[in-house]
Amino acid sequence: MSQSYRSTRSSDPATKTFEEAIIQGLASDGGLFIPSIIPQVSKSELFDKWSKLSFQDLAFEIMKLYVSSDEIPEADLKDLITRSYSTFRSHDVTPLAKNVTGSNENLHVLELFHGPTYAFKDVALQFVGNLFEYFLQRHNDGLPADQRKKITVVGATSGDTGSAAIYGLRGKKDVAVFILYPTGRISPIQEEQMTTVPDKNVQTLSVKGTFDNCQDIVKAIFGDKEFNSKHNVGAVNSINWARILAQITYYFYSYFKATTGKEEKVKFVVPSGNFGDILAGYYAKKMGLPVEKLVIATNENDILDRFLKNGVYERSDDVAATLSPAMDILISSNFERLLWYLAREYVASGDDLKAGETVNNWFQELKSKGKFDVPASLIDGAKKDFDSERVSNEETTATIKQVYEQSVNPKHYIIDPHTAVGICATKTQITKDNDNTINYISLSTAHPAKFADAVNEALSSFDGYSFEKDVLPEELKKLSTLGKKLKLVEKADIELVKQTIEEELVKMEV
Ligand SMILES: *Cc1c(COP(=O)(O)O)cnc(C)c1O
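With the first letter of the sequence shown counted as 1, position 108 gets the number 108 in the UniProt record's numbering; the numbers rise by one all the way through.
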């Protein structure tokens with residue numbers, strides 16, 4: 001089967017290969033890459049075959065529909081998948097926990113945090129790291145050192161993404177990784193996870209400044225043509241298509257686990273920020289997985305919830321700092337992909353080129369006026385697939401407490417604040433639906449140890465609760481005993497960061 005990729009903003013049908021879409025990340029017109037067709041899977045294929053597959057075999061069936069075999073031969077794709085998920089601590093890769101809330105048998109928690117950094121981003125970034133290496137090695141095979149193609153990945157993090165990117169790219173040939181973070185402004189565990197990785201090709205830069213300073217520097221580096229062409233700067237941020245692709249698998253896999261392989265009513269509830277996680281669910285639904293609804297759970301940064309309620313996509317002035325910081329966003333970068341599909345169906349009468357023009361106009365408007373609005377018919381259309389719930393900080397804390405108190409198996413199940421946003425939204429849906437034939441799959445996006453402050457705030461008043469004993473895994477405990485490798489950058493200044501990267505690149509001998 002032949003698959004290619006196009007931009008969400010382009011009225012130009014020119015298409016890219018999978019490799020081009022992955023390595024380039026963002027289209028040159030500012031749009032995001034989407035597959036030219038969404039492959040369809042029949043019910044008999046789903047329930048007679050796919051429902052019986054392991055996570056890895058299912059990933060292979062899905063991915064080969066998005067990657068032509070003349071681009072990546074099937075045996076190579078299989079090998080990439082096997083290696084990517086061999087680093088997970090769970091046999092199921094993404095296991096389902098049942099009955100953790102005590103009363104409701106229909107509420108399943110999909111644990112996505114069993115990868116090397118204990119965060120859901122590992123599911124995608126373990127695969128992306130291997131994919132980058134695969135493309136580079138194929139190109140570099142047999143070439144002398146000075147002719148090898150290399151990539152310098154530069155990223156900024158306020159915590160979670162940085163460590164998942166580092167663990168995805170550590171030790172990969174011809175790839176150098178630089179992750180900037182604001183000195184003293186990320187949690188100790190997050191800093192330990194990033195700075196204790198000994199691989200030569202990884203360097204963390206602790207920058208005196210804020211997260212916004214770090215992000216601005218990274219953006220400036222991407223915009224710096226000279227530096228870029230010299231070092232072939234690459235990104236692994238949340239808009240990369242390979243990340244979405246890798247995440248599609250667990251929607252199918254958990255559906256089959258929750259329903260024991262039969263067709264039943266299923267709703268997914270997804271704690272959302274940049275809309276990458278839930279967008280993968282949208283692709284699963286459009287491929288033919290019979291999902292009732294995808295429920296967007298947001299914290300107080302609720303641009304997505306407001307959009308579904310009133311049809312206006314409007315950026316707030318400030319990001320609210322919440323208990324679930326990985327979802328603290330002003331706009332949701334991956335939402336543009338959904339908008340393209342909605343624009344094509346409800347504005348452009350199925351015309352791909354007109355859909356691209358429409359999306360382009362909306363984003364011009366967002367840039368100039370801070371908002372745009374869409375026809376009511378489009379919102380009605382979106383609501384066939386999506387619903388949304390907004391969850392406050394108080395509700396987040398209350399949900400962590402409630403689950404701890406009420407859980408039966410295991411007793412005292414402990415969830416992180418992002419997962420709590422999802423479970424709170426799930427409970428609201430259960431009450432509204434009042435239908436015990438619906439299965440709810442609530443996505444759990446991080447291990448509670450990664451968000452110690454919020455978890456302790458909710459649970460420290462319980463007798464017998466201990467973070468060290470009940471939450472912190474041995475593997476993370478050990479990190480504090482390991483040596484740290486970080487480079488201090490004394491000023492949040494682009495020239496200083498560029499100079500530091502160049503000095504370190506020489507030392508790395510990548
Ligand atoms: C990134 C992240 C999210 C949000 O996922 P999106 O794909 O950006 O919507 C939620 N929870 C955690 C813990 C995350 O790291």
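Every residue gets a Cβ at the ideal spot worked out from N, C-alpha and C, and that includes glycine.
Values in this document were obtained by computation on a predicted structure and should not be read as measured data.
Query raised in the report: Comparing the CB of N274 with every heavy atom of ligand 1, is any distance shorter than 8 Å?
Result: Your numbering for residue 274 matches position 274 in the sequence shown. Indeed, a heavy atom of ligand 1 lies less than 8 Å from the Cβ.
Requested in this report: Would you please state the rounded distance, in angstroms, between the beta carbons of residue 521 and I248? I believe it to be under 8 Å.
Outcome: Here the chain covers residues 1 to 510 and nothing more, so residue 521 does not appear.
Requested in this report: Buried or exposed for Q402, please, with buried defined as at least 16 other CB atoms from any protein chain shown within 10 angstroms of its CB.
Outcome: To locate residue 402, count along the sequence shown from 1; it is residue 402. Burial call: buried.
Query - Own chain residues within Cβ distance below 8 Å of L304, not counting five before or after - result: Walking along the sequence shown from the start, residue 304 turns up at place 304. Contacts found: S272, F275, I296, T298, S332, F335, S388.
Query - Among I81, E19, F222, the one whose alpha carbon lies nearest that of I494 - result: Here residue 494 is taken as the residue at index 494 of the sequence shown, counted from 1. Ranking the options by Cα distance to I494, first place goes to F222.
Report task. Sort out for me which residues DSSP pairs F178 with in a bridge. Result -> Looking up residue 178 in the sequence shown gives position 178. The partner list for F178 (beta bridge, DSSP) reads V154, Q203.
Report task. Taking L32 and I239 to be in contact with their CB atoms under 8 Å, please state how far apart those CB atoms are, rounded to whole angstroms. Result -> As a position in the sequence shown, residue 32 is number 32, starting the count at 1. As a position in the sequence shown, residue 239 is number 239, starting the count at 1. That belief holds up - the Cβ atoms of L32 and I239 are roughly 5 Å apart, short of 8 Å.
Query - Contact between the region 317 to 328 and the region 70 to 82 (3+ Cβ pairs under 8 Å) - result: no
**Report entry** Three-state secondary structure assigned by DSSP to E61
**Finding:** The residue labelled residue 61 in the question sits at position 61 within the sequence shown. Three-state DSSP puts E61 in a helix.
Query raised in the report: Where does L482 land, buried or exposed, given buried means 16+ other C-beta within 10 angstroms?
Result: Within the sequence shown, the letter at position 482 stands for residue 482. Under this definition L482 is an exposed residue.
Query raised in the report: What residue does the alpha helix (DSSP H) around F227 start on, and which one ends it?
Result: The count along the sequence shown starts at 1 and reaches residue 227 at position 227. Counting along the chain, the alpha helix (DSSP H) containing F227 begins and ends at 225 to 231.
Query raised in the report: Is V177 buried or exposed, if buried means 16 or more other CB atoms sit within 10 Å of its CB?
Result: By 1-based counting over the sequence shown, the position of residue 177 is 177. Buried, because 16 or more other Cβ atoms sit within 10 Å of the Cβ of V177.
Query raised in the report: Along the chain, which unbroken stretches of the beta strand (DSSP E) at least 3 residues long are found entirely within the UniProt domain "Threonine synthase N-terminal" (5 to 85)?
Result: 5 to 7, 33 to 35
Query raised in the report: Taking the C-alpha atoms as reference points, what is the distance between G209 and A156?
Result: Along the sequence shown, one-based indexing puts residue 209 at 209. Along the sequence shown, one-based indexing puts residue 156 at 156. Computed Cα separation, rounded: 12 Å.
Report task. Decide if the region 473 to 481 is in contact with the region 178 to 186; the criterion is three or more beta carbon pairs, one per stretch, under 8 Å apart. Result -> no
Requested in this report: Put F222 into one of helix, strand or coil per three-state DSSP.
Outcome: What you label residue 222 is simply residue 222 of the sequence shown in a count that begins at 1. Of the three classes helix, strand and coil, the one that applies to F222 here is helix, per DSSP.
Query - Close beta carbons around N140, own chain, < 7 Å, minus the five adjacent residues each side - result: Residue numbering aside, residue 140 sits at position 140 when the sequence shown is read from its first letter. Only R148, K149, D174 meet the Cβ criterion.
Query raised in the report: Where does the unbroken alpha helix (DSSP H) through S163 begin, and where does it stop?
Result: If you number the sequence shown from 1, residue 163 lands on position 163. Start and end: 160 to 169.
Query raised in the report: V218: beta carbon under 8 Å from a heavy atom of ligand 1?
Result: As a working note, residue 218 is residue 218 in the sequence shown. No.
Query raised in the report: When you compare only the Cα positions, how much space is there between C424 and V391?
Result: What you label residue 424 is simply residue 424 of the sequence shown in a count that begins at 1. What you label residue 391 is simply residue 391 of the sequence shown in a count that begins at 1. About 7 Å.
Requested in this report: Leaving aside the five residues before and after F372 along the sequence, list all residues of the same chain whose C-beta is less than 7 Å from its C-beta, in chain order.
Outcome: Your numbering for residue 372 matches position 372 in the sequence shown. Correct list, in chain order: Y313, W362, E365, L366.
Query raised in the report: Is T157 near ligand 1, in the sense that its beta carbon is under 8 Å from a heavy atom of that ligand?
Result: Within the sequence shown, the letter at position 157 stands for residue 157. Result no, Cβ not under 8 Å from ligand 1.
Report task. Could you tell me whether any non-hydrogen atom of ligand 1 is closer than 8 Å to the CB of I278? Result -> The residue you call residue 278 lines up with position 278 of the sequence shown. For ligand 1, at least one heavy atom lies less than 8 Å from the Cβ of I278.
Query raised in the report: For Y341 versus L289, is the C-beta distance shorter than 9 Å?
Result: Residue numbering aside, residue 341 sits at position 341 when the sequence shown is read from its first letter. Residue numbering aside, residue 289 sits at position 289 when the sequence shown is read from its first letter. Their beta carbons are not under 9 Å apart, which means Y341 does not touch L289 by this criterion.
Query raised in the report: Who pairs with S442 in a beta bridge, going by DSSP?
Result: What you label residue 442 is simply residue 442 of the sequence shown in a count that begins at 1. DSSP lists V109, V269 as partners of S442.
Requested in this report: Report buried or exposed for L488, applying the criterion of at least 16 other Cβ atoms within 10 angstroms of its Cβ.
Outcome: By one-based count along the sequence shown, residue 488 stands at place 488. Result: exposed.
**Report entry** Simplified DSSP assignment, three categories, for A97
**Finding:** Taking the sequence shown and counting its residues from 1, one reaches residue 97 at position 97. It is a strand residue.
**Report entry** ligand 1 heavy atom lying under 8 Å from the CB of S238
**Finding:** Here residue 238 is taken as the residue at index 238 of the sequence shown, counted from 1. S238 Cβ: within cutoff of ligand 1.
Requested in this report: Determine the closest residue to L338 out of I34, L496, K262, E394, with distance taken between C-alpha atoms.
Outcome: In the sequence shown, residue 338 corresponds to position 338, counting from 1. Nearest of I34, L496, K262, E394 to L338, Cα basis: I34.
Query - Inter-stretch contact (C-beta, 8 Å, three-pair minimum) for the region 103 to 122 and the region 84 to 92 - result: yes
**Report entry** Reference A492; option with closest CA among Y167, F211, K432, F47
**Finding:** Position 492 of the sequence shown holds residue 492. Looking at the Cα atoms, F211 is the closest of the given residues.
Query raised in the report: Just how far apart, CA to CA, sit F467 and A452?
Result: For the purposes of this step, residue 467 is identified with residue 467 of the sequence shown, where counting begins at 1. For the purposes of this step, residue 452 is identified with residue 452 of the sequence shown, where counting begins at 1. Cα to Cα, the separation comes out at about 8 Å.
Requested in this report: Could you tell me the distance, in whole angstroms, from the CA atom of E133 to the CA atom of K172?
Outcome: The sequence position of residue 133 within the sequence shown is 133, counting from 1. The sequence position of residue 172 within the sequence shown is 172, counting from 1. Their backbone Cα atoms lie some 6 Å apart in a straight line.
Query raised in the report: Roughly how many whole angstroms lie between the Cα atoms of A220 and K507?
Result: Along the sequence shown, one-based indexing puts residue 220 at 220. Along the sequence shown, one-based indexing puts residue 507 at 507. Distance between the alpha carbons of A220 and K507 is about 24 Å.
Query raised in the report: Would the beta-carbon of I38 fall within 9 Å of that of M287?
Result: By one-based count along the sequence shown, residue 38 stands at place 38. By one-based count along the sequence shown, residue 287 stands at place 287. Against a cut-off of 9 Å, the Cβ pair of M287 and I38 comes out as a contact.
Requested in this report: Using a threshold of 9 Å, state whether the C-beta atoms of D160 and A119 are closer than that.
Outcome: Position 160 of the sequence shown, counted from the first residue, corresponds to residue 160. Position 119 of the sequence shown, counted from the first residue, corresponds to residue 119. Against a cut-off of 9 Å, the Cβ pair of A119 and D160 comes out as a contact.
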